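Peer 1:
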Amino acid sequence: MKLIVLLALVGITAAVMQIGVMKVKSTRHRLMEQGLWLQHLKDKEAKLLDNKINVLATVGQIITDYDDSEYVGNITIGTPGQPFIVNLDTSSANLWIPDITCKSCANYKPKFDSTKTSTYQTNGQSWSIQYANGLAKGVLGVDTVRFGADGTQQLVIPKTTFGQATSVDTNLQQNFADGILGLAFQSIAVDNVVPPLINAINQNLLDNPYFTVYFQEKGPALNVPGGVITYGGMDNQNCGSLIAWQPLSSATYFQFKMASIGSYSNVKGSNGWDVISDTGTSFIGGPQSITDLLAYGAGAIYDSDYQTYFIDCKANPSPITIVIGNNTYQINQKQLIVDVDWGNNICEWAMRPITSSGFGPAWTLGYPWIRQYCNTYDLGGKRIGFSLANGA
Ligand SMILES: *[C@@H]1O[C@H](CO)[C@@H](O)[C@H](O)[C@H]1NC(C)=O
Ligand SMILES: *[C@@H]1O[C@H](CO)[C@@H](O)[C@H](O)[C@H]1NC(C)=O
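Numbers -15 to -1, 1 to 377, taken from mature numbering (1 follows the signal peptide of the UniProt record, and there is no 0), label the letters of the sequence shown in order.
#1: Count the other C-beta atoms from every protein chain shown that fall within 10 angstroms of the C-beta of Gln67, then say buried if there are 16 or more, exposed otherwise.
#2: Just the Cα atoms here: how many angstroms apart are Tyr314 and Gln110?
#3: Can you list the beta strand (DSSP E) stretches of 3 or more residues lying completely in the segment 242 to 316, in chain order?
#4: With a threshold of 7 Å, establish whether the CB of Thr306 neighbours any heavy atom of ligand 1.
#5: Do you know whose CA, among Trp327, Trp334 and Ser226, lies nearest Gln320's CA?
#6: Can you name, in chain order, every residue of its own chain whose Cβ lies under 7 Å from the Cβ of Ser103, other than the five neighbours on each side?
#7: Please check the pair Lys96 and Pro83, which I expect to be a contact at CB under 8 Å, by giving their CB distance rounded to whole angstroms.
#8: Please tell me whether, using a cut-off of 7 Å, the distance from the CB of Thr266 to the nearest non-hydrogen atom of ligand 1 is below it.
#9: Looking at the structure shown, is Lys367 part of a helix, part of a strand, or coil, going by DSSP?
#10: May I ask you to list the residues that DSSP assigns as paired with Tyr358?
#11: Does the beta-carbon of Thr137, which I'm using as the reference point, lie nearer than 7 Å to any heavy atom of ligand 1?
#12: Would you report the Cα separation of Lys367 and Leu168, rounded to the nearest angstrom?
#13: So what's Pro68 in DSSP terms, helix, strand or just coil?
#14: For Ile261, is the beta carbon positioned less than 7 Å from some heavy atom of ligand 1?
#15: Does the Cβ-Cβ distance between Ile70 and Val130 come in under 8 Å?
#16: Taking only heavy atoms of ligand 1 into account, decide whether any of them is closer than 7 Å to the Cβ of Ala134.
#17: Got a sec: does ligand 1 put a non-hydrogen atom nearer than 7 Å to the Cβ of Asn92?
#18: Cα-Cα, which of Gly58, Ala121, Ser172 and Asp52 is closest to Gln149?
#19: So is Gly136 buried or exposed if we call it buried at 16+ other beta carbons inside 10 Å?
#20: Which residues does DSSP pair with Ile60 in a beta bridge?
#21: Out of curiosity, what's the CA-to-CA distance linking Gln240 and Tyr56?
#22: Quick check on residue 383: buried or exposed, where buried means 16 or more other Cβ atoms within 10 Å of its Cβ?
#23: Using C-beta distances below 6 Å, list every residue in its chain close to Leu80, excluding the 5 sequence neighbours before and after it, in chain order.
#24: Short check: CB of Asn329 to CB of Lys299, under 8 Å?
#25: Excluding five sequence neighbours on each side, which residues of the same chain lie with their C-beta closer than 6 Å to the C-beta of Trp327?
#26: Could you have a look at Asn160 and say whether DSSP puts it in helix, strand or coil?
#27: Can we count Ile70 as close to ligand 1, meaning its CB is less than 7 Å from some heavy atom?
#28: Where do the ends of the alpha helix (DSSP H) carrying Lys319 lie?
#29: In the segment 78 to 160, which residue ranges form an unbroken alpha helix (DSSP H) of at least 4 residues, counting only runs that do not cross its ends?
#30: Using the beta-carbon count (16 or more within 10 Å), is Asn301 buried or exposed?
#31: Would you report the Cα separation of Leu190 and Val127, rounded to the nearest angstrom?
#32: Please name the residue, chosen from Leu279, Tyr195, Leu233 and Ile85, that lies closest to Ser248 on a Cα-to-Cα basis.
#33: Is DSSP giving Pro353 helix, strand or coil here?
#34: Determine, using beta-carbon pairs with one atom in the segment 223 to 232 and one in the segment 252 to 271, whether at least three such pairs fall under 8 Å.
#35: For Cys87 and Asn59, what's the separation of their Cα atoms in angstroms?
#36: Tell me whether the beta-carbon of Val213 lies closer than 8 Å to the beta-carbon of Val9.
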C-alpha cells in the first residue's frame, strides 16, 4: 500500500528544483585588470552613437549591459543535450544561444546544431535584440531545454521556443557566457515568445510559479559555485524565512516601489521610486543626485572616466537602509565594497548613477541587494519576496 502511494507521488512530481550557479569574473573587471576597460567603454559608446541607438529615448526597454554579469548557469538544449553557459537575467525574457550557422560567432565554442537533436522542431521566425554592448539576431527554434548541467539534477522543459543566433556583435561575444536566459515576464519578450520558465509553469512542472535566487559573496574567487536558484519554491537551505511579499507595480521586469534609500526619498512621487530587482546587474543604480549623496556619506568618490565610485577597501561605513512596503532592509557595506584586484587599497563601491529619463524604473537593485537578501520572483502572483541570505 505504502509503495503504491509513493509511486503515485513520484508519478505526479511537479517539483521544487535547486540548481547551482557559477560565479565568474565579469567582462568589465577582466578588462579593467588588463587596462583595456576605458578603450572598450569608448568603443561601446561610439558604436551606440553610430547605430543611432538612443538608449534613453527608444523602446522603453532597458538595454541590458552584460559587461557586468558575474553569475552564470549551465543549461542543455536538445536530445542528447548540447551544453551552454548562460547569463541568468531577470530583466529580459528571451533565451538565445549561438547557432552552428553563425559565421560571426568565432569567439563561441559551443554552438547549437539542430541536426544533432531528435527533439528539435523548426519555427523559422526571425528575432533580433539590441543590447548596450551589441546586437544579436537569428531565427527561432523549438526543443527540450534543461536548466542545470548534464549529469546533475535538471529542470526539463519540453517544447521550449528559443533563439538560435546566426549573428552576434563581437563586443557581446566578450562575455563569459555563451548566451542569455531571460527570466522575466512574457510581456517584454522579443517576438512575444513564451519564456522558458513560463513554459515550465504552463506545463505544471513546478510546485509554485516562482523561483528564489541566492547569490553567495565569494570575493575574487572564480569559476566556483556562487549560489543556487530554486525553481518552484523558497530556499530554506540558504535563506531565512520570508520577510515580506511586495506587489509588483509592473509585471514586465520585476518592478516595484521603493519608499526610500538611506535618508532619501522621491520628492516627485508620493509612493516612492520605481525600482527593479536585477540578477544581471552588479551594482545598485539610481539617480546621480542621490547616489552622489549616498557615496559622500560612505566616503566613496566618483570617477567620471570609469563611471563608477571608488572607495578605500578598509573603509567601514554604516549599512544602507532601504524601505520597501512596510519593511526596512539593510545592505551591509561588505556587499558594496568590491575588490577589483587593483591593490593600493582601491576598491569599487557598487553603486552607480543611471538615467531613466521618465520611463521605466529609477533604480536598479543588483548584486549588493541580492547577496544580502534572497529574492523570490513570483511570475504567477506578480509579486516579489525577500528573506535574509545566510551569511549576509
Ligand atoms: C558547466 O559547464 C562548464 C563548461 O562546460 C563546466 O566546466 C562546468 O563543470 C559545468 N558545471 C557543472 C555543475 O557541471
Ligand atoms: C502594509 O501594512 C498595511 C497596514 O497594516 C497593510 O494594509 C498593507 O497591505 C501592508 N503592505 C504590504 C505591502 O504588505
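Note that beta-carbon positions come from the ideal geometry of N, C-alpha and C, so glycine has one too. Note that this is a predicted model, so its numbers are computed, not measured.
Peer 2: The short version:
#1: Position 82 of the sequence shown, counted from the first residue, corresponds to residue 67. Under this definition Gln67 is a buried residue.
#2: For this step, residue 314 is matched to residue 329 along the sequence shown. For this step, residue 110 is matched to residue 125 along the sequence shown. Their backbone Cα atoms lie some 45 Å apart in a straight line.
#3: 258 to 262, 269 to 271, 286 to 288, 293 to 297, 305 to 309 and 312 to 316
#4: By 1-based counting over the sequence shown, the position of residue 306 is 321. Every heavy atom of ligand 1 is 7 Å or more from the Cβ of Thr306, so no.
#5: The residue labelled residue 320 in the question sits at position 335 within the sequence shown. It is Trp334 whose Cα lies nearest to the Cα of Gln320.
#6: Within the sequence shown, residue 103 is the residue found at index 118, counting from 1. Taken in chain order, the residues that qualify are Thr64.
#7: As a working mapping, residue 96 is identified with position 111 in the sequence shown. As a working mapping, residue 83 is identified with position 98 in the sequence shown. So it is a contact: roughly 5 Å between Cβ atoms.
#8: Walking along the sequence shown from the start, residue 266 turns up at place 281. Checking the Cβ of Thr266 against ligand 1 gives no.
#9: For the purposes of this step, residue 367 is taken as the residue at position 382 of the sequence shown. Reduced to three states, the DSSP call for Lys367 is coil.
#10: Counted from its first residue, the sequence shown places residue 358 at position 373. DSSP output for Tyr358 lists Leu373 as bridge partner(s).
#11: As a working note, residue 137 is residue 152 in the sequence shown. Flag set: Cβ of Thr137 near ligand 1.
#12: As a first step, residue 367 must be located in the sequence shown, where it is residue number 382. As a first step, residue 168 must be located in the sequence shown, where it is residue number 183. Roughly 13 Å between the two C-alpha positions.
#13: On the sequence shown, position 83 is the one that residue 68 refers to. In the structure shown, Pro68 sits in a strand (DSSP, three-state: E or B).
#14: Along the sequence shown, one-based indexing puts residue 261 at 276. No, the beta carbon of Ile261 sits no closer than 7 Å to any heavy atom of ligand 1.
#15: Position 85 of the sequence shown, counted from the first residue, corresponds to residue 70. Position 145 of the sequence shown, counted from the first residue, corresponds to residue 130. Result no, Cβ atoms of Ile70 and Val130 do not sit closer than 8 Å.
#16: As a working note, residue 134 is residue 149 in the sequence shown. Yes; taking the cut-off as 7 Å, the Cβ of Ala134 has a heavy atom of ligand 1 nearer than that.
#17: The residue you call residue 92 lines up with position 107 of the sequence shown. Result no, Cβ not under 7 Å from ligand 1.
#18: By 1-based counting over the sequence shown, the position of residue 149 is 164. Closest option to Gln149, Cα to Cα, is Ala121.
#19: On the sequence shown, residue 136 is found 151 positions in, with the first residue counted as 1. Exposed, since its Cβ has fewer than 16 Cβ neighbours within 10 Å.
#20: The residue labelled residue 60 in the question sits at position 75 within the sequence shown. Its beta-bridge partners are Phe69 and Phe132.
#21: As a working mapping, residue 240 is identified with position 255 in the sequence shown. As a working mapping, residue 56 is identified with position 71 in the sequence shown. Distance between the alpha carbons of Gln240 and Tyr56: 21 Å.
#22: Beyond the ends of the chain as shown, which are -15 and 377, falls residue 383; an answer cannot be given.
#23: For the purposes of this step, residue 80 is taken as residue 95 along the sequence shown, with counting starting at 1. Taken in chain order, the residues that qualify are Phe147, Leu166 and Pro181.
#24: Here residue 329 refers to the residue found at position 344 when the sequence shown is read from its first residue. Here residue 299 refers to the residue found at position 314 when the sequence shown is read from its first residue. Taking 8 Å as the Cβ cut-off, Asn329 and Lys299 do not qualify as a contacting pair.
#25: Indexing the sequence shown from 1 puts residue 327 at position 342. Here the set comprises nothing.
#26: Residue mapping note: residue 160 aligns to position 175 of the sequence shown, counting from 1. Residue state, collapsed to three classes: coil.
#27: One-based indexing of the sequence shown puts residue 70 at position 85. True, at least one ligand heavy atom lies under 7 Å from that Cβ.
#28: Residue numbering aside, residue 319 sits at position 334 when the sequence shown is read from its first letter. Its alpha helix (DSSP H) spans residues Gln318 to Leu321.
#29: none
#30: Indexing the sequence shown from 1 puts residue 301 at position 316. Under this definition Asn301 is an exposed residue.
#31: Position 205 of the sequence shown holds residue 190. Position 142 of the sequence shown holds residue 127. About 18 Å.
#32: Within the sequence shown, numbered from 1, the residue matching residue 248 stands at position 263. Of the candidates Leu279, Tyr195, Leu233 and Ile85, the one whose C-alpha sits nearest the C-alpha of Ser248 is Leu279.
#33: Position 368 of the sequence shown, counted from the first residue, corresponds to residue 353. In the structure shown, Pro353 sits in a helix (DSSP, three-state: H, G or I).
#34: no
#35: On the sequence shown, position 102 is the one that residue 87 refers to. On the sequence shown, position 74 is the one that residue 59 refers to. So the two alpha carbons sit approximately 21 Å from each other.
#36: Mapped onto the sequence shown, residue 213 falls at position 228. Mapped onto the sequence shown, residue 9 falls at position 24. No. Outside cutoff.
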